[in-house]
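Residue numbers 0 to 224, in numbering that gives the first Met the number 0, belong to the letters of the sequence shown in order.
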Amino acid sequence: MSNENLEKNIGYSFKSDELLENALIHSSYAGEVLTVQSNERLEFLGDAVLETIISEELYLKFPDLPEGRLSVMRAYIVCEKSLAELATRIQLGEYLKFGLGEKKAGGKRKNSILADAVEALIGAIFLDSGYETVKSVVLKLLEFKIKKASCDEVFEDYKSRLQVQVQKNGNATIEYVLEGFSGKPNSREFRVSLFVNGKKMAEGTGQKKKQAEQAAAKSALERIL
(Lines of atoms letter the chains of each structure in order from A and count residues from 1; the text may use other names and numbers.)
(Lines give C-alpha, C1' and ligand atoms only; values in the text may rest on other atoms or scores of the structure.)
Protein backbone atom coordinates (compact mmCIF):
# COMPACT_ATOMS: atom_id res chain seq x y z
CA MET A 1 0.00 0.00 0.00
CA SER A 2 1.16 3.51 -0.76
CA ASN A 3 2.33 5.58 2.19
CA GLU A 4 0.42 8.48 0.64
CA ASN A 5 -2.81 6.80 1.72
CA LEU A 6 -1.54 6.64 5.28
CA GLU A 7 -0.68 10.33 5.13
CA LYS A 8 -4.26 11.04 4.05
CA ASN A 9 -5.55 8.95 6.95
CA ILE A 10 -3.56 10.94 9.51
CA GLY A 11 -4.05 14.30 7.82
CA TYR A 12 -0.35 15.04 7.45
CA SER A 13 2.13 14.88 4.54
CA PHE A 14 5.76 14.23 5.43
CA LYS A 15 8.56 16.37 4.07
CA SER A 16 10.99 13.53 4.76
CA ASP A 17 10.00 10.16 3.30
CA GLU A 18 12.83 8.61 5.30
CA LEU A 19 11.27 9.62 8.63
CA LEU A 20 7.94 8.09 7.69
CA GLU A 21 9.62 4.90 6.46
CA ASN A 22 11.58 4.63 9.70
CA ALA A 23 8.41 5.01 11.78
CA LEU A 24 6.95 1.96 10.05
CA ILE A 25 9.87 -0.45 10.65
CA HIS A 26 9.25 -2.95 13.45
CA SER A 27 12.27 -4.33 15.29
CA SER A 28 11.67 -7.80 13.80
CA TYR A 29 12.16 -6.38 10.29
CA ALA A 30 15.27 -4.46 11.32
CA GLY A 31 16.64 -7.70 12.77
CA GLU A 32 16.42 -9.35 9.36
CA VAL A 33 17.34 -6.36 7.18
CA LEU A 34 20.46 -5.10 8.90
CA THR A 35 20.74 -1.97 6.77
CA VAL A 36 17.66 -0.35 8.35
CA GLN A 37 16.91 0.97 11.84
CA SER A 38 13.80 0.02 13.80
CA ASN A 39 11.22 2.58 14.91
CA GLU A 40 12.08 2.13 18.60
CA ARG A 41 13.98 5.42 18.93
CA LEU A 42 11.10 7.29 17.30
CA GLU A 43 8.72 5.47 19.64
CA PHE A 44 10.77 6.69 22.62
CA LEU A 45 10.55 10.26 21.37
CA GLY A 46 6.90 10.04 20.38
CA ASP A 47 5.88 8.72 23.78
CA ALA A 48 7.30 11.84 25.45
CA VAL A 49 5.85 14.20 22.84
CA LEU A 50 2.39 12.61 23.12
CA GLU A 51 2.36 12.87 26.91
CA THR A 52 3.39 16.53 26.72
CA ILE A 53 0.69 17.36 24.16
CA ILE A 54 -2.09 15.68 26.14
CA SER A 55 -0.86 17.07 29.47
CA GLU A 56 -0.85 20.60 28.06
CA GLU A 57 -4.26 20.20 26.44
CA LEU A 58 -5.91 18.86 29.60
CA TYR A 59 -4.24 21.50 31.80
CA LEU A 60 -5.57 24.31 29.61
CA LYS A 61 -8.96 22.79 28.79
CA PHE A 62 -9.92 21.82 32.35
CA PRO A 63 -8.54 24.57 34.65
CA ASP A 64 -10.72 23.55 37.60
CA LEU A 65 -9.81 19.87 37.74
CA PRO A 66 -7.25 18.58 40.28
CA GLU A 67 -4.02 16.83 39.31
CA GLY A 68 -5.36 13.38 40.19
CA ARG A 69 -8.33 13.68 37.86
CA LEU A 70 -6.14 15.04 35.04
CA SER A 71 -3.74 12.11 35.47
CA VAL A 72 -6.58 9.60 35.11
CA MET A 73 -7.84 11.39 32.01
CA ARG A 74 -4.38 11.40 30.45
CA ALA A 75 -3.89 7.72 31.22
CA TYR A 76 -7.19 6.94 29.49
CA ILE A 77 -6.24 8.93 26.37
CA VAL A 78 -2.69 7.61 25.90
CA CYS A 79 -3.15 4.01 27.08
CA GLU A 80 -2.27 1.09 24.82
CA LYS A 81 -5.91 0.30 24.03
CA SER A 82 -6.66 3.88 23.00
CA LEU A 83 -3.62 4.16 20.74
CA ALA A 84 -4.28 0.73 19.21
CA GLU A 85 -7.84 1.84 18.39
CA LEU A 86 -6.42 4.91 16.68
CA ALA A 87 -3.95 2.75 14.75
CA THR A 88 -6.81 0.56 13.55
CA ARG A 89 -8.83 3.60 12.47
CA ILE A 90 -5.98 4.95 10.33
CA GLN A 91 -5.08 1.41 9.14
CA LEU A 92 -1.53 1.80 10.42
CA GLY A 93 -0.96 -1.94 10.75
CA GLU A 94 -1.24 -2.37 6.98
CA TYR A 95 1.82 -0.15 6.47
CA LEU A 96 4.13 -1.64 9.10
CA LYS A 97 7.12 -3.73 8.04
CA PHE A 98 7.70 -6.97 9.98
CA GLY A 99 10.16 -9.79 9.98
CA LEU A 100 8.83 -13.10 8.68
CA GLY A 101 8.13 -14.56 12.12
CA GLU A 102 6.24 -11.55 13.47
CA LYS A 103 4.32 -11.22 10.22
CA LYS A 104 3.12 -14.82 10.52
CA ALA A 105 2.23 -14.19 14.17
CA GLY A 106 -0.15 -11.41 13.14
CA GLY A 107 1.93 -8.50 14.39
CA LYS A 108 -0.17 -5.96 12.52
CA ARG A 109 -3.12 -6.81 14.77
CA LYS A 110 -1.33 -6.77 18.15
CA ASN A 111 -2.37 -3.86 20.35
CA SER A 112 1.10 -3.39 21.84
CA ILE A 113 2.76 -3.16 18.43
CA LEU A 114 0.08 -0.85 17.05
CA ALA A 115 0.29 1.49 20.05
CA ASP A 116 4.09 1.62 19.80
CA ALA A 117 3.83 2.40 16.09
CA VAL A 118 1.48 5.32 16.78
CA GLU A 119 4.07 6.76 19.16
CA ALA A 120 6.80 6.27 16.53
CA LEU A 121 4.64 8.07 13.98
CA ILE A 122 4.16 10.97 16.40
CA GLY A 123 7.91 11.12 16.98
CA ALA A 124 8.49 11.22 13.23
CA ILE A 125 6.01 14.06 12.69
CA PHE A 126 7.65 16.01 15.53
CA LEU A 127 11.08 15.72 13.89
CA ASP A 128 9.63 16.48 10.46
CA SER A 129 7.68 19.65 11.35
CA GLY A 130 8.06 20.56 15.02
CA TYR A 131 5.88 20.69 18.11
CA GLU A 132 3.00 22.91 17.00
CA THR A 133 2.36 20.84 13.88
CA VAL A 134 2.47 17.48 15.63
CA LYS A 135 0.24 18.88 18.37
CA SER A 136 -2.36 19.87 15.79
CA VAL A 137 -2.27 16.41 14.20
CA VAL A 138 -2.46 14.56 17.52
CA LEU A 139 -5.30 16.65 18.94
CA LYS A 140 -7.35 16.10 15.79
CA LEU A 141 -6.75 12.34 15.78
CA LEU A 142 -7.53 11.97 19.49
CA GLU A 143 -10.30 14.57 19.68
CA PHE A 144 -12.99 12.01 20.51
CA LYS A 145 -10.90 10.41 23.27
CA ILE A 146 -10.14 13.80 24.82
CA LYS A 147 -13.84 14.66 24.93
CA LYS A 148 -14.77 11.29 26.39
CA ALA A 149 -12.00 11.51 29.00
CA SER A 150 -13.91 14.21 30.86
CA CYS A 151 -16.89 11.91 31.52
CA ASP A 152 -17.49 10.61 35.04
CA GLU A 153 -17.50 7.11 33.55
CA VAL A 154 -13.80 7.43 32.80
CA PHE A 155 -12.99 8.64 36.32
CA GLU A 156 -14.77 5.54 37.61
CA ASP A 157 -12.38 3.42 35.54
CA TYR A 158 -10.50 2.02 38.52
CA LYS A 159 -8.01 0.19 36.30
CA SER A 160 -6.80 3.48 34.82
CA ARG A 161 -6.69 5.13 38.24
CA LEU A 162 -4.66 2.24 39.64
CA GLN A 163 -2.25 2.47 36.70
CA VAL A 164 -1.68 6.14 37.50
CA GLN A 165 -1.01 5.41 41.16
CA VAL A 166 1.47 2.58 40.69
CA GLN A 167 3.39 4.47 37.98
CA LYS A 168 4.14 7.20 40.52
CA ASN A 169 6.66 4.79 42.06
CA GLY A 170 8.32 4.01 38.75
CA ASN A 171 7.53 1.44 36.09
CA ALA A 172 5.27 -1.31 37.36
CA THR A 173 3.54 -4.27 35.75
CA ILE A 174 -0.12 -4.84 36.56
CA GLU A 175 -1.63 -8.22 35.70
CA TYR A 176 -5.22 -9.41 36.02
CA VAL A 177 -5.57 -13.20 36.28
CA LEU A 178 -8.91 -14.98 35.89
CA GLU A 179 -9.02 -17.49 38.73
CA GLY A 180 -12.35 -19.03 37.77
CA PHE A 181 -16.10 -18.57 37.66
CA SER A 182 -19.20 -20.11 39.18
CA GLY A 183 -22.92 -20.24 38.52
CA LYS A 184 -25.07 -20.85 35.47
CA PRO A 185 -24.27 -19.23 32.08
CA ASN A 186 -26.86 -16.49 32.57
CA SER A 187 -25.81 -15.70 36.15
CA ARG A 188 -22.09 -16.40 36.33
CA GLU A 189 -19.72 -14.74 38.76
CA PHE A 190 -16.13 -14.28 37.65
CA ARG A 191 -13.23 -14.13 40.11
CA VAL A 192 -10.06 -12.19 39.23
CA SER A 193 -6.79 -11.72 41.10
CA LEU A 194 -4.70 -8.57 40.63
CA PHE A 195 -0.90 -8.69 40.73
CA VAL A 196 1.54 -5.77 40.80
CA ASN A 197 5.10 -6.74 39.85
CA GLY A 198 4.18 -10.36 40.47
CA LYS A 199 2.78 -9.75 43.96
CA LYS A 200 -0.91 -10.37 44.59
CA MET A 201 -2.61 -7.21 45.82
CA ALA A 202 -6.34 -7.78 45.55
CA GLU A 203 -9.24 -9.86 44.28
CA GLY A 204 -12.49 -8.90 42.62
CA THR A 205 -15.70 -10.53 41.47
CA GLY A 206 -18.31 -9.57 38.90
CA GLN A 207 -20.89 -10.87 36.46
CA LYS A 208 -18.41 -10.14 33.67
CA LYS A 209 -14.63 -10.54 33.56
CA LYS A 210 -14.18 -6.79 33.02
CA GLN A 211 -16.39 -6.02 36.03
CA ALA A 212 -14.31 -8.38 38.16
CA GLU A 213 -11.12 -6.63 37.01
CA GLN A 214 -12.59 -3.23 37.91
CA ALA A 215 -13.61 -4.55 41.33
CA ALA A 216 -10.08 -5.86 41.93
CA ALA A 217 -8.57 -2.53 40.87
CA LYS A 218 -10.95 -0.65 43.17
CA SER A 219 -9.96 -2.90 46.06
CA ALA A 220 -6.26 -2.32 45.34
CA LEU A 221 -6.81 1.45 45.21
CA GLU A 222 -8.53 1.37 48.59
CA ARG A 223 -5.43 -0.33 50.01
CA ILE A 224 -3.05 2.19 48.45
CA LEU A 225 -4.93 5.43 49.15
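Each residue gets a CB set at the ideal place from its N, CA and C atoms; glycine is no exception.
- prompt: Is the beta carbon of Tyr-157 less than 8 Å from the beta carbon of Leu-69?
  reply: no
- prompt: How long is the line joining the alpha carbons of Val-32 and Thr-204, rounded to whole angstroms?
  reply: 48 Å
message: My output table needs one value for Thr-172: the three-state DSSP class, helix, strand or coil.
response: coil
Beta bridge counterpart(s) of Ser-181 as assigned by DSSP: Glu-188
query: Under a three-way DSSP split, which group does Tyr-43 fall into?
result: Reading off the sequence, residue 43 comes out as Phe, not Tyr. If DSSP states are grouped into helix, strand and coil, Phe-43 belongs with the helices.
- prompt: On the three-pair Cβ rule with 8 Å, is the stretch 1 to 11 touching the stretch 85 to 104?
  reply: yes
- request: Could you tell me whether the Cβ atoms of Ala-114 and Leu-82 are closer together than 8 Å?
  value: yes
task: Check whether the Cβ atoms of Gly-179 and Arg-190 lie closer than 8 Å to each other.
output: yes
- prompt: With respect to the alpha helix (DSSP H) encompassing Thr-87, which residues constitute its N-terminal and C-terminal limits?
  reply: 79 to 88
- prompt: Using a Cβ-Cβ cut-off of 7 Å (strictly less than) and excluding sequence neighbours within five positions of Lys-96, which residues of its own chain qualify?
  reply: Leu-23, Ile-24, His-25 and Tyr-28
message: Using only the alpha-carbon positions, how far apart do Glu-39 and Glu-118 sit?
response: 9 Å
- prompt: I think Val-274 touches Ile-173, with their Cβ atoms under 8 Å apart; what is that distance to the nearest whole Å?
  reply: The first residue shown for the chain is 0 and the last is 224, placing residue 274 beyond what the model contains.
message: Need the endpoints of the alpha helix (DSSP H) that Ala-114 sits in, please.
response: 110 to 128
- prompt: Under the three-state reduction of DSSP, which class applies to Val-195: helix, strand or coil?
  reply: strand
message: Considering only DSSP beta bridges, list what Glu-202 is partnered with.
response: Ser-192
- prompt: Taking C-beta to C-beta, are Lys-139 and Gly-10 nearer than 8 Å?
  reply: yes
- request: Just the C-alpha distance for Phe-250 and Gln-36, rounded to the nearest angstrom, thanks.
  value: Look at the range of the chain in this structure, 0 to 224, and you will see that residue 250 is not part of it.
message: What would DSSP say about Lys-207, mapped onto helix, strand or coil?
response: coil
- request: Using a threshold of 8 Å, state whether the C-beta atoms of Ser-186 and Glu-202 are closer than that.
  value: no
message: Taking 8 Å as the threshold (C-beta atoms), are Leu-49 and Ile-121 in contact?
response: yes
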